[in-house]
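Inspection log for the structure reproduced underneath, given as structure tokens.
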Amino acid sequence: MSENVARRGFLVGGLGGAALLAAGCTSNEPAAAPSSAAPAPAPAASGNDQPGTKVVIGFSAPAADHGWIAAIAKNAEAAAKQYSDVEFKPVEPTNDINQQISAVESLIAAKVNALVILPNDGQQLNQVALQATAAGIPVINLDRVFPDKLAYRTWIGGDNYGMGVAAGHFIGKQLKDKGVSNPVIVEIQGIATLPLTQDRSKGFADALKSYGFSVTAKQDAKFTVETGNQVATSLLQAHKKIDALWNHDDDQGVGVLAAIKEANRNEFVMVGGAGSLNAMKEIQTGTSVLKATVTYSPTMASSAIKLARLIAQGKGMSDLVENQVPQSITLASETITKENVEKYLALGFES
1 MSENVARRGF LVGGLGGAAL LAAGCTSNEP AAAPSSAAPA PAPAASGNDQ PGTKVVIGFS
61 APAADHGWIA AIAKNAEAAA KQYSDVEFKP VEPTNDINQQ ISAVESLIAA KVNALVILPN
121 DGQQLNQVAL QATAAGIPVI NLDRVFPDKL AYRTWIGGDN YGMGVAAGHF IGKQLKDKGV
181 SNPVIVEIQG IATLPLTQDR SKGFADALKS YGFSVTAKQD AKFTVETGNQ VATSLLQAHK
241 KIDALWNHDD DQGVGVLAAI KEANRNEFVM VGGAGSLNAM KEIQTGTSVL KATVTYSPTM
301 ASSAIKLARL IAQGKGMSDL VENQVPQSIT LASETITKEN VEKYLALGFE S
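With the first letter of the sequence shown counted as 1, position 78 gets the number 78 in full-length UniProt numbering; the numbers rise by one all the way through.
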């Protein structure tokens with residue numbers, strides 16, 4: 001996948017679910033008993049999905065050269081169509097930084113009411129996001145974060161570290177249950193230099209460490225089917241016996257699985273990443289080495305549009321007491337297995 005394309009909480013009825021996910025991760029301490037002197041909380045807002053003030057939401061994202069990115073655009077458009085009070089104004093998707101900057105500038109000039117931006121590169125588009133904010137246009141920063149918090153009103157995205165943790169715990173438990181000691185664990189990354197990839201790898205390593213395991217070998221596969229196939233072929237040749245494999249990305253996983261089948265290898269358990277429909281169907285068979293995938297769902301784009309609408313209309317999230325949409329929402333990474341895959345199929349994206 002293209003730069004920083006990683007991935008995934010699914011929000012309905014005023015987006016309360018994601019807010020609770022975000023709030024629920026803030027502390028492991030038990031809630032204090034309420035004081036009798038504490039003021040009663042104000043009633044939660046309601047009716048957020050009812051038509052309100054007409055708003056124009058601008059949308060900019062990279063070109064759909066990857067299944068996950070294509071699903072981002074589809075989810076955003078589908079969410080906008082749910083509301084009669086939303087005019088969806090997307091610009092031409094592009095992987096060219098300068099073209100994306102120009103496209104966002106055109107949305108600023110059009111004086112849209114809110115902007116949803118998935119930047120090709122957060123650092124390089126930071127300045128144009130600041131321009132939008134200075135023009136009074138709230139920016140909803142989707143997934144790849146702008147380094148300057150003044151550049152966006154709200155960020156929403158997936159948990160890369162959490163993906164690694166989820167994959168590590170699934171593999172660690174599988175190997176412990178089998179009584180495997182000193183396992184050969186292979187990791188196929190996306191693009192090794194990206195912070196998102198490094199976060200995923202750190203989460204994976206940290207989770208494995210709790211079982212007394214570590215990664216034997218890792219290599220990046222650039223988020224493409226072709227490179228996924230090449231890297232997997234190389235690793236399979238280098239390791240005549242593997243106990244577990246985590247592939248960071250289900251799109252490149254198409255190539256990884258093809259290499260595994262070509263080599264006729266099935267002695268290990270494999271976990272994918274992102275939650276593609278292809279991976280879910282593979283898991284569903286029960287006969288594949290692919291036993292699970294950890295989510296980074298493109299449904300986050302739907303949520304971003306919903307957030308943009310609420311912010312532009314001056315509304316909060318209906319399940320929260322606060323009047324304003326939170327500044328940051330991190331979506332949980334969930335583990336999809338044969339046991340629960342049915343409930344996730346409708347959310348999968350085509351690789």
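Ideal Cβ placement from N, Cα and C applies to all residues, glycine included.
Query: Below 9 Å between beta carbons: does that hold for Leu245 and Ile283?; Result: no
Query: Measuring alpha carbon to alpha carbon, tell me which residue in Phe349, Leu310 and Ala259 is nearest Asn48.; Result: Leu310
Query: Where Asp121 and Asn75 are concerned, what is the direct C-alpha to C-alpha distance, given to the nearest angstrom?; Result: 21 Å
Query: Measuring only between beta-carbons, confirm whether Ile336 sits less than 9 Å from chain D.; Result: The displayed structure is made up of one protein chain only, and chain D is not part of it.
Query: Given this structure, state the Cα-to-Cα distance separating Pro298 from Lys173, to the nearest angstrom.; Result: 28 Å
Query: Any idea what DSSP makes of Met317, helix, strand or coil?; Result: coil
Query: By how many angstroms is the C-alpha of Ser234 removed from the C-alpha of Ala42?; Result: Residue placement at Ala42 is flagged as unreliable, the pLDDT there being 39, under the threshold of 50; the coordinate-derived value follows with that caveat. Rounded to the nearest angstrom, the two C-alpha atoms are 60 Å apart.
Query: When you compare only the Cα positions, how much space is there between Ala259 and Asn340?; Result: 27 Å
Query: Helix, strand or coil for Asp220? Go by DSSP, reduced to three states.; Result: strand
Query: Could you give the distance in angstroms between the alpha-carbon of Leu150 and the alpha-carbon of Thr133?; Result: 8 Å
Query: Would a C-beta distance cut-off of 9 Å place Gly273 and Lys222 closer than the cut-off?; Result: no
Query: Roughly how many angstroms lie between the CA atoms of Gln123 and Ala129, to the nearest whole one?; Result: 10 Å
Query: Cβ atoms of Val145 and Gly157: under 9 Å apart, would you say?; Result: yes
Query: Output needed for Val112: all residues of its chain with C-beta closer than 7 Å, excluding positions within five of it in sequence on either side, in chain order.; Result: Val56, Ile57, Gly58, Lys89 and Ile137
Query: How many angstroms separate the CA atom of Gln230 from the CA atom of Lys176?; Result: 30 Å
Query: Just reading off the alpha helix (DSSP H) that Thr133 is part of, what are its end residues?; Result: Gly122 to Ala134
Query: When DSSP labels each residue in this structure, what does Glu339 get in the three-state scheme?; Result: coil
Query: Whose C-alpha, out of Asp319, Leu236 and Met280, is nearest the C-alpha of His267?; Result: It is worth fixing the name first, because residue 267 is Glu in this sequence and not His. The shortest Cα separation from Glu267 among Asp319, Leu236 and Met280 belongs to Leu236.
Query: Once you ignore the five residues that flank Ser102 on each side, which residues in its own chain have a CB closer than 8 Å to its CB?; Result: none
Query: Going by beta carbon distance, what residues of the same chain come within less than 7 Å of Arg153, once the five residues before and after it are set aside?; Result: Pro138, Val139, Ile140 and Ile311
Query: Which same chain residues, not among the five before or five after Ser328, have their C-beta less than 6 Å away from its C-beta?; Result: Trp155
Query: Going by CA-CA distance only, name the one from Asp243, Ala61 and Ala71 that's closest to Leu347.; Result: Ala71
Query: For the beta strand (DSSP E) holding Lys89, just list the boundary residues, first then last.; Result: Val86 to Pro90
Query: Kindly indicate which three-state DSSP category Thr287 falls into: helix, strand or coil?; Result: coil
Query: With DSSP collapsed to three states, give me the class of Leu236.; Result: helix
Query: Let's test the definition: count the other Cβ atoms within 10 Å of the Cβ of Leu194 and tell me whether it reaches 16, buried, or not, exposed.; Result: buried
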